[in-house]
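These notes concern the structure reproduced below.
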Amino acid sequence: MPLRGGCRKEISVQTLRCIKMPLQMLLAKAHLHVVRGCATLSTIQTKVATVGMDFGCKNSRVAIIESLVPHVVASEIERYTPSYVTLTELDSPTSHVWCMQHLDRVGKRVATGQIAKFKMLRRPSDVVRDVKKLIGKQFDDPHVQEMRKRIHFSIIEGPSGEAWVEIHGVKFSPVEISSAIFAKLKDTVLMYQFHHKLQVVVSVPPFFSEQQREDIKLAGSTAGLDVLQVIDDPTTAVLSSTTNGIVVVFGMGAGSYSISIHHMLNTNIKDMKQVKAQSGDPCVGGDQFDNILLDHFVSKIVELHSVDIRGDKYAMTLLAEKAEQVKVDLSSQPKVTVSIPFFTGSAEGPVHLNITISRPEFEKLVDDLVGQIQHKCQQILKDANITDSDINGIVLYGGMTRMPKIREIIYEVFGKHQISKVNPEEAVVIGSAIHAALFVEEHQEIREDVIPLSIGIESANGTFTRVIPRHTTLPARQTVTIPSWSGDGKCAHVRIFLGEHAMCGHNLPLGEVQLINNRSSYNGSINFEVTFEVNKNYVLKVCARDESVDQTSEVLKTLRIGNNVLCKHYVNKAVRDALLKWATKINDPWRMLAQYALNTLYDVSLSRRDKIPQDLYEDAVNVLTDLREALDTADVVLKDKVLAAESMVAAALNWMPCEPPQSDSLDSESE
81 MPLRGGCRKE
91 ISVQTLRCIK
101 MPLQMLLAKA
111 HLHVVRGCAT
121 LSTIQTKVAT
131 VGMDFGCKNS
141 RVAIIESLVP
151 HVVASEIERY
161 TPSYVTLTEL
171 DSPTSHVWCM
181 QHLDRVGKRV
191 ATGQIAKFKM
201 LRRPSDVVRD
211 VKKLIGKQFD
221 DPHVQEMRKR
231 IHFSIIEGPS
241 GEAWVEIHGV
251 KFSPVEISSA
261 IFAKLKDTVL
271 MYQFHHKLQV
281 VVSVPPFFSE
291 QQREDIKLAG
301 STAGLDVLQV
311 IDDPTTAVLS
321 STTNGIVVVF
331 GMGAGSYSIS
341 IHHMLNTNIK
351 DMKQVKAQSG
361 DPCVGGDQFD
371 NILLDHFVSK
381 IVELHSVDIR
391 GDKYAMTLLA
401 EKAEQVKVDL
411 SSQPKVTVSI
421 PFFTGSAEGP
431 VHLNITISRP
441 EFEKLVDDLV
451 GQIQHKCQQI
461 LKDANITDSD
471 INGIVLYGGM
481 TRMPKIREII
491 YEVFGKHQIS
501 KVNPEEAVVI
511 GSAIHAALFV
521 EEHQEIREDV
531 IPLSIGIESA
541 NGTFTRVIPR
551 HTTLPARQTV
561 TIPSWSGDGK
571 CAHVRIFLGE
581 HAMCGHNLPL
591 GEVQLINNRS
601 SYNGSINFEV
611 TFEVNKNYVL
621 KVCARDESVD
631 QTSEVLKTLR
641 IGNNVLCKHY
651 VNKAVRDALL
661 KWATKINDPW
671 RMLAQYALNT
681 LYDVSLSRRD
691 KIPQDLYEDA
701 VNVLTDLREA
711 LDTADVVLKD
721 KVLAAESMVA
731 AALNWMPCEP
741 PQSDSLDSES
751 E
């Protein structure tokens with residue numbers, strides 16, 4: 081590209097390598113759309129994404145809001161990104177892996193995530209982890225000095241006395257290392273779906289100081305993120321529950337744990353910040369449990385093999401990884417065996433590690449830590465001036481909440497109340513994404529040239545199918561194809577709704593149109609092209625025509641969307657309800673089974689309508705209606721409706737007409 085003065089801009093190989101990775105992501109995404117036959121302009125259209133990020137000591141996660149539903153975005157192999165960072169040379173054979181980032185000031189690439197974690201076992205001094213514990217800390221902080229005794233990478237004193245790290249002789253601030261992790265999370269989103277800009281809410285422990293929060297914002301902005309807010313983990317985790325009243329939020333990750341009691345009055349985001357009491361420990365988390373287990377294994381090795389491996393950083397790194405895995409496995413198994421052949425050497429030869437530990441043994445080792453946590457739980461009830469009978473629900477977040485002993489003290493202190501069904505490892509990131517969407521919605525003005533809420537139709541299972549999505553520029557026109565299975569002049573009823581909730585029952589009904597199939601039923605279904613048009617005055621016109629007949633569309637109905645549902649208050653409430661109520665249905669097995677049962681029973685009843693008796697068909701319709709109405713009820717009620725639907729499916733499929741009795745004429749003739 082010619083520049084001023086007749087010069088030509090030279091693009092170095094290094095610059096090309098810097099831009100190659102995001103370009104490859106976009107091309108891969110576009111190729112995926114083409115292969116699946118759904119290539120559209122949206123593939124390369126620049127959009128703004130609403131994102132939540134959970135920046136953790138061991139693992140970090142990212143979730144994106146799509147159609148007001150939070151989705152946790154998977155990284156290379158898991159639904160999380162290990163918070164590990166290392167450097168690699170530009171000429172390294174792994175330098176072109178998509179998970180690499182670029183640091184201009186050192187001319188090297190930084191590997192983040194799983195590939196860095198793999199490298200730690202080979203070169204532990206070259207991999208930085210637990211950088212979250214160093215954010216905003218001074219080098220002479222007692223916790224930093226204690227951390228230096230446990231880790232194998234170099235923690236040094238920064239220019240102003242801060243705690244920095246050193247890799248390959250290059251000094252980095254915790255903000256720079258954190259920025260690499262945020263950049264990795266950003267690229268994870270880009271691999272999933274390309275966006276021009278990411279609006280992000282980042283969650284942090286409630287103990288973080290203002291300086292630590294500012295450092296997190298700086299790290300995010302350095303990674304190219306638009307950081308809207310940095311908020312507490314409990315505040316985001318509580319968004320995964322819609323329980324009203326007194327809610328206990330208990331979270332425990334690798335670095336810390338916190339307990340808070342929230343008073344939930346309604347679904348307003350401001351009310352969720354009303355914390356009655358809060359406690360915890362910023363320096364006690366899963367790592368402390370790992371360290372106790374690691375020390376136990378080291379003592380066992382000394383006892384069994386007379387070998388002290390504390391000076392062997394490679395053996396200690398491998399054993400630390402095994403200790404963490406043993407802790408996880410003991411949550412689901414009564415005992416675990418650590419077996420590592422040729423683990424280390426001694427004067428007598430190679431040492432083969434083989435140690436078995438049971439869950440009771442492990443719980444005895446960590447009894448002091450568990451006792452401290454239990455005391456904090458008991459104290460917070462006194463601080464909030466409540467008893468366990470006043471509690472309406474419990475929200476758990478963090479992987480350590482899966483530990484049976486932790487669950488036991490939670491039940492013992494707070495009672496066996498309903499616990500949020502969201503995966504505890506993902507509760508914070510899902511809540512962060514929801515909080516980001518709510519924040520954007522509350523600060524977004526209603527535009528007159530776009531439709532503020534989606535227009536859609538009811539599917540067979542009672543779910544809301546968007547036809548004209550919200551924020552579509554007006555005037556808007558969209559055509560959908562709807563099959564009509566019922567012949568002989570029967571009508572297919574299409575119900576039209578305005579809103580954002582996944583279930584039509586929570587949205588505003590606009591009206592209903594009828595599609596009449598005048599063919600005989602044995603001719604099968606016909607497809608209707610139904611067109612929805614909305615003008616700038618918010619008048620909706622619905623037209624339809626038979627695809628198989630060369631005719632113009634017939635206007636079926638004209639509907640006007642009232643101004644009372646287009647105001648900011650109503651729109652914000654609809655969006656907020658859709659976000660919060662849908663979050664409780666994520667990973668809900670009974671509702672997924674109910675959706676499957678609805679679809680199956682609907683298909684079976686229609687396909688066998690002419691083959692089964694009328695009373696059996698009417699029973700199937702009644703069961704279908706009952707199940708559809710029970711989608712938002714308690715699991716106990718929903719379970720019964722699902723089982724009834726499955727029984728009806730079996731009855732409809734197995735029904736056979738009775739065979740006429742055989743005549744006795746042949747017998748009489750033979751006689």
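Here the sequence shown is numbered in this note's numbering, starting from 81 and rising by one per residue.
Even glycine gets a Cβ: it sits at the ideal position worked out from N, Cα and C.
It should be emphasised that the depicted structure is a prediction, and the values quoted were computed from it without experimental measurement.
Taking Cβ to Cβ, would you say Lys-264 is nearer than 7 Å to Thr-166? The residue labelled residue 264 in the question sits at position 184 within the sequence shown. The residue labelled residue 166 in the question sits at position 86 within the sequence shown. Against a cut-off of 7 Å, the Cβ pair of Thr-166 and Lys-264 comes out as no contact.
Phe-233 by DSSP, collapsed to three states: which one? Translated into positions along the sequence shown, residue 233 becomes position 153. Reduced to three states, the DSSP call for Phe-233 is coil.
Using the three-state DSSP reduction, which class does Gln-524 fall into: helix, strand or coil? Reading the sequence shown from its first residue, position 444 is the one you call residue 524. Coil, per DSSP.
Is it a yes or a no for the stretch 618-628 touching the stretch 588-598, going by three-plus beta-carbon pairs under 8 Å? yes
Rounded to a whole number of angstroms, what is the C-alpha to C-alpha distance between Leu-384 and Ala-427? Taking the first residue of the sequence shown as 1, we reach residue 384 at position 304. Taking the first residue of the sequence shown as 1, we reach residue 427 at position 347. Between Leu-384 and Ala-427, the C-alpha separation is close to 14 Å.
Using a Cβ distance threshold of 8 Å, determine whether the stretch 198-210 contacts the stretch 225-244, with at least three qualifying pairs required. yes
Specify the secondary structure class of Asn-472 as computed by DSSP and reduced to three states. What you label residue 472 is simply residue 392 of the sequence shown in a count that begins at 1. Of the three classes helix, strand and coil, the one that applies to Asn-472 here is strand, per DSSP.
What does DSSP give as the partner residues of Ser-140 in its beta bridges? Translated into positions along the sequence shown, residue 140 becomes position 60. Ser-140 is bridged to Thr-161.
Closest to Val-211 by C-alpha separation, out of Pro-239, Lys-229 and Ser-259, would be which residue? Locating residue 211 in the sequence shown gives position 131, counting from the first residue. Answer by Cα proximity: Ser-259.
Which class does Lys-109 belong to by DSSP, given the choice of helix, strand or coil? The residue you call residue 109 lines up with position 29 of the sequence shown. Note that Lys-109 has pLDDT 47, beneath the 50 cutoff, so the model's placement of it is unreliable and no number is given.
Assign Gly-473 to buried or exposed, taking buried as 16 or more other Cβ atoms, counted over all protein chains shown, within 10 Å of its Cβ. As a first step, residue 473 is located in the sequence shown; it is residue number 393 there, counting from the start. Gly-473 should be labelled buried.
Quick check on the DSSP output: what are the complete beta strand (DSSP E) runs of length 3 or more inside the stretch 273-320, in order along the chain? 277-284 and 306-312
DSSP state of Arg-550 mapped onto helix, strand, coil: Locating residue 550 in the sequence shown gives position 470, where the first residue counts as 1. DSSP places Arg-550 in coil when its eight states are reduced to three.
Reference Ser-359; option with closest CA among Asp-695, Phe-287, Thr-424 and Ala-710: Residue mapping note: residue 359 aligns to position 279 of the sequence shown, counting from 1. Nearest of Asp-695, Phe-287, Thr-424 and Ala-710 to Ser-359, Cα basis: Phe-287.
I think Val-418 touches Leu-433, with their Cβ atoms under 8 Å apart; what is that distance to the nearest whole Å? If you number the sequence shown from 1, residue 418 lands on position 338. If you number the sequence shown from 1, residue 433 lands on position 353. Yes, Val-418 and Leu-433 are in contact; Cβ-Cβ is about 6 Å, under 8 Å.
If you count every other CB in all the chains shown that lies within 10 Å of the CB of Trp-735, and 16 or more means buried, which is it? For the purposes of this step, residue 735 is taken as the residue at position 655 of the sequence shown. By the neighbour-count rule (16 or more Cβ atoms within 10 Å), Trp-735 is not buried but exposed.
From Asp-706 to Ala-516, what does the alpha carbon distance come to, in whole angstroms? Numbered from its first residue, the sequence shown carries residue 706 at position 626. Numbered from its first residue, the sequence shown carries residue 516 at position 436. Their backbone Cα atoms lie some 36 Å apart in a straight line.
Integer Cβ distance of Val-508 from Asp-313, believed to fall under 8 Å: Reading the sequence shown from its first residue, position 428 is the one you call residue 508. Reading the sequence shown from its first residue, position 233 is the one you call residue 313. Right, their Cβ atoms sit about 5 Å apart.
Local Cβ density within 10 Å of Leu-711, reported as buried at 16 or more and exposed below that: Indexing the sequence shown from 1 puts residue 711 at position 631. When all chains shown are included, Leu-711 counts as buried.
When the distance is taken between beta carbons, is Leu-681 closer than 7 Å to Val-717? Counting from one through the sequence shown, the residue named residue 717 turns up at place 637. Counting from one through the sequence shown, the residue named residue 681 turns up at place 601. It is not a contact, given that the beta carbons lie outside the stated cut-off.
Distance, Lys-356 Cα to Lys-213 Cα: Position 133 of the sequence shown, counting from 1, holds the residue named residue 213. Position 276 of the sequence shown, counting from 1, holds the residue named residue 356. Rounded to whole angstroms, Lys-213 to Lys-356 spans 27 Å at the Cα level.
Under 8 Å by Cβ, that's how I've got Ile-215 and Pro-254 pegged, so tell me the actual separation to the nearest angstrom. Start at 1 with the first residue of the sequence shown, and residue 215 comes out as number 135. Start at 1 with the first residue of the sequence shown, and residue 254 comes out as number 174. With 8 Å as the limit, Ile-215 and Pro-254 qualify as a contact, their Cβ atoms being about 5 Å apart.
Can you tell me which residues form a DSSP beta bridge with Tyr-337? Within the sequence shown, the letter at position 257 stands for residue 337. DSSP output for Tyr-337 lists Met-332 and Asp-361 as bridge partner(s).
Are the stretch 324-335 and the stretch 442-451 touching, with three or more C-beta to C-beta distances below 8 Å? no
Please specify which runs of the beta strand (DSSP E), each continuous and at least 3 residues long, are wholly inside the stretch 418-488, giving them in chain order. 429-438 and 471-477
Chain-order list of residues whose beta-carbon lies under 6 Å from that of Thr-302 (same chain, five-residue window excluded): Taking the sequence shown and counting its residues from 1, the one referred to as residue 302 is at position 222. Cβ within range, chain order: Ser-259.
Hey, Lys-616 and Pro-555: beta-carbon distance below 7 Å or not? Sequence index remark: in the sequence shown, residue 616 carries index 536 (1-based). Sequence index remark: in the sequence shown, residue 555 carries index 475 (1-based). In contact: Lys-616 and Pro-555 (Cβ atoms closer than 7 Å).
Less than 7 Å between the C-beta atoms of Tyr-164 and Ala-143, yes or no? Against the sequence shown, residue 164 aligns to sequence position 84. Against the sequence shown, residue 143 aligns to sequence position 63. Against a cut-off of 7 Å, the Cβ pair of Ala-143 and Tyr-164 comes out as no contact.
Host beta strand (DSSP E) of Ser-534 (start-end): As a first step, residue 534 is located in the sequence shown; it is residue number 454 there, counting from the start. From DSSP, the beta strand (DSSP E) with Ser-534 extends over 534-538.
For a quick check, are the C-beta atoms of Thr-545 and Ile-535 less than 7 Å apart? The residue labelled residue 545 in the question sits at position 465 within the sequence shown. The residue labelled residue 535 in the question sits at position 455 within the sequence shown. Not closer than 7 Å, so no.
Where Arg-557 falls: helix, strand or coil (DSSP): In the sequence shown, counting from the first residue as 1, residue 557 sits at position 477. Three-state result, Arg-557: strand.
Measure the alpha-carbon distance for Ile-389 versus Ile-510 and round it to whole angstroms. Translated into the one-based positions of the sequence shown, residue 389 becomes position 309. Translated into the one-based positions of the sequence shown, residue 510 becomes position 430. Answer to the nearest angstrom: the Cα atoms are 41 Å apart.
Assign Lys-402 to one of two classes, buried (16 or more other C-beta atoms within 10 Å of its C-beta) or exposed (fewer than that). Indexing the sequence shown from 1 puts residue 402 at position 322. Per the 10 Å Cβ criterion, buried.
Less than 7 Å between C-beta atoms, sequence neighbours within five positions excluded: which residues of the same chain meet that for His-151? Within the sequence shown, numbered from 1, the residue matching residue 151 stands at position 71. Cβ within range, chain order: Ala-143 and Ile-144.
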